[in-house]
Every structure is written in C-alpha cells, then in structure tokens.
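Only one structure is covered here, and it is reproduced in the block below.
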Amino acid sequence: MNPRTQLAVLVTTILLLAGGSLGYVLHSTHRKPQLAAGDGSFTLEGPGLYFRDTATGRIAHQPLGTPRGARAGGGPACERFYAAGDTAVCLRREPGVPPRAYAIVLDRHLREVRRVAVPGIPNRARVSASGRMLSWTVFAVGDSYATSAFSTRTAILDLRSGYLIKSMEEIPLTLAGARYHAPDVNYWGVTFARDDNLFYATVSTKGHTYLVRGNMADWSATALRENAECPSLSPDNTRIAFKKKVSDDTAAPWRLYVLDLATMREHPLAERGSVDDQAAWLDDRTVAYALPGRAGRASDTWAVPADGSGAPRLLAEGASSPVSLG
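Sequential numbering from 27 applies to the sequence shown in the numbering used here.
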C-alpha cells in the first residue's frame, strides 16, 4: 500500500471512530431516563412497613402486625430508600462506563418527579415529614464508617423551591462556641424537623464526630455534642436515636442510643449488637434498624423500644432501609 493510500485509510478510520463516539455522546445526552417505578401496581398508599428487599433489590411492603413473610413486592429498585408525606427518595446505581448513581425523587404513586446524579456510593437517605425536604449521603471514597479512609457528600433538596445544595461541606459551622474551619470536615445522616427548617446531622473532623443542629433559613450549623452518628429525629421532635461509638473494635464499634433534646441525657437501647445504620422511628415509642442477616441473608430489619426497655424483635427478614407509613 503506497503512502497516499495509507493516509486515506487512516483518515477514514479516524472519521469513523469520531463519528461513532459523537453518535454515542448524542445518544447518551438525549436518552430518556429510565423510570424508577416497579410494576405499576406498587404504591405507597397502604399503611405499614416499607423496606428494601435485599434478595430482589426492590422496595417491598409489609402491613405492621402481620406475619413476617406476608410482604408485597414489585416496588422500584433502590439501594437506599425513604419516604414521608407524599414523597419518596430512591438511591440507585445504574450500569454503564463509568457506573452512575442517582437520587430519584418519587411521588406517592412512585412516579419519577426528579432525578439527580450523585457522585458516589449510595449510603443514607431521608425525607422530612411534610415531604418537602430531602437529603442523601454518598460515599465518595471507601465504603465504611469503621475506618478513617472515607469521604462523604451530603446533599439537601428543597422540593418546593427546587433548590439543590449539592454538598453541605461549606455550611458555616460553630464548634465549641467558635466558628470552625478545617479541610477534613464531612457531613452525613441528615434528619429533618417538622418545620422543614431545622435539621440534625453528623459532622466529623480531626478524628471526632459531632451531632450538629442546622438551620436552613440562615444556613448555619452548631455542634451540640460529641460521639453521635446517623441521627434520626422522633416523630414528636423531642428525641434523637443515634449510633454511638463504644469500642475500638472495628467489627463491632457502635451501639444504638436515644438522646432527649430537652435534657441532653442519653440512654442505650436494648439492642446490644453493633448497628451500622441510620435508625428509623416506626412511631414515638419504637425504633427500627437493619443488622447483618441470618442464614446467609444480607440484612434483617429489627425493632426495639425507644425507652431502653424490652428486647429486640425481628420485623422483616432480608430487609433494609425500613420506613413506617400511616
């Protein structure tokens, strides 16, 4: 093949490759997002316990007070899920190169309202009681709170205004009575008050974790106490369930506690196992959470009295991300 012919073949090959790449980009840009909904008949209309079925990866429903096996499936595929009011948030990863993750906002009929790309591995999700405020946390680096080698990104979305805060890290933080700045500040595990203005979250810095109270109106956060992670505000807004580090054993470092916000006194719950979860209140008396499952199951959902009495009871086998809807 003479040099002129070789050049022509090379130019043609480059143009074909470029055209294919451009076509892929255009196709990806205009591809309609897939709906997160399941089979169409599954909604959030019925009262009871909703959770992620770890065998299928889809959201399932189980009426409270019924046998553990009496569940209805067919909900959307999610890695983390939460719902309140008429709103749900579903965190899911979708295949691709590179893989993508999304926070998908759903209505009560599980129809997609909004989709936000998230830069990491889905980890925590919450919706305010009214359904207006949403938050989610993803791991940006690593995959466990049990090590120091992780970084999180926590977002807050106001559905009423449409305003999205992609990362909380720049919120003005007051720690020990003074304005605090540090490059290693990380936030995770937001929980909202009924007024859609106040919220609580975890902040970590310099190897310590703190419970902070945030204010949406003036966009500020104040540390309330140390060693409190993944807070969950009770329906009556008087107490916070949280996980507290009680051991340096990385296999079992935490225990569930409840904090009274009026007195700032805490007490442990009857669950003595290590809970790496953001607990969910079923009502003002009961806290639910996920633990590693038995018999090869990825996780099971348990419940325990919020006053520290009683004993844990198994709510749903092969279940995570529990939420109670009335």
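For each residue, glycine too, the CB sits at the ideal point set by N, CA and C.
* Cβ-based burial, residue 32 [other Cβ within 10 Å; buried from 16] -> Counting from 1 along the sequence shown, the entry for residue 32 is found at position 6. Its pLDDT being 41, under 50, residue 32 is placed unreliably by the model, and the measurement read from it follows with that caveat. When all chains shown are included, residue 32 counts as exposed.
* **Residue environment, residue 340, which counts as buried when at least 16 other CB atoms sit within 10 Å** => Position 314 of the sequence shown, counted from the first residue, corresponds to residue 340. So residue 340 counts as exposed.
* Do residue 123 and residue 145 have their CB atoms nearer than 8 Å? -> The residue you call residue 123 lines up with position 97 of the sequence shown. The residue you call residue 145 lines up with position 119 of the sequence shown. Between residue 123 and residue 145, the CB-CB gap reaches or exceeds 8 Å.
* **Reference residue 234, options 259, 84, 321 and 253, closest by Cα** => Residue mapping note: residue 234 aligns to position 208 of the sequence shown, counting from 1. Residue 253 holds the alpha-carbon nearest to the alpha-carbon of residue 234 among 259, 84, 321 and 253.
* Asked: Of the choices 149, 154, 160 and 156, whose alpha-carbon is the least far from that of residue 141?
  -> Your numbering for residue 141 matches position 115 in the sequence shown. Nearest of 149, 154, 160 and 156 to residue 141, Cα basis: 160.
* Asked: In the DSSP assignment, what are the bridge partners of residue 212?
  -> Translated into positions along the sequence shown, residue 212 becomes position 186. 230, per the DSSP bridge assignment.
* Would you mind sorting residue 269 into buried or exposed? The rule is 16 or more other CB atoms within 10 Å of its CB. => Reading the sequence shown from its first residue, position 243 is the one you call residue 269. Flag for residue 269 reads buried.
* Closest by CA to residue 182, which one among 203, 157, 205 and 202? -> Within the sequence shown, the letter at position 156 stands for residue 182. Nearest C-alpha to residue 182 among 203, 157, 205 and 202: 157.
* To do: Could you tell me which residues DSSP puts in a beta bridge with residue 195?
  => Numbered from 1 along the sequence shown, position 169 holds the residue referred to as residue 195. Paired residues: none, contrary to the question.
* To do: Could you tell me whether any non-hydrogen atom of the ligand MG is closer than 7 Å to the CB of residue 318?
  => Among the components modelled here there is no ligand, and therefore nothing to report on the ligand MG.
* Asked: Secondary structure at residue 189, three-state DSSP: helix, strand or coil?
  -> Position 163 of the sequence shown, counting from 1, holds the residue named residue 189. Here residue 189 sits in coil by DSSP.
* Between residue 301 and residue 307, which are expected to be in contact by the criterion C-beta below 8 Å, what is the C-beta distance as a whole number of angstroms? -> Looking up residue 301 in the sequence shown gives position 275. Looking up residue 307 in the sequence shown gives position 281. 14 Å between Cβ atoms; not a contact.
* Asked: Name the DSSP bridge partner or partners of residue 240?
  -> Residue numbering aside, residue 240 sits at position 214 when the sequence shown is read from its first letter. According to DSSP, residue 240 bridges with 225 and 247.
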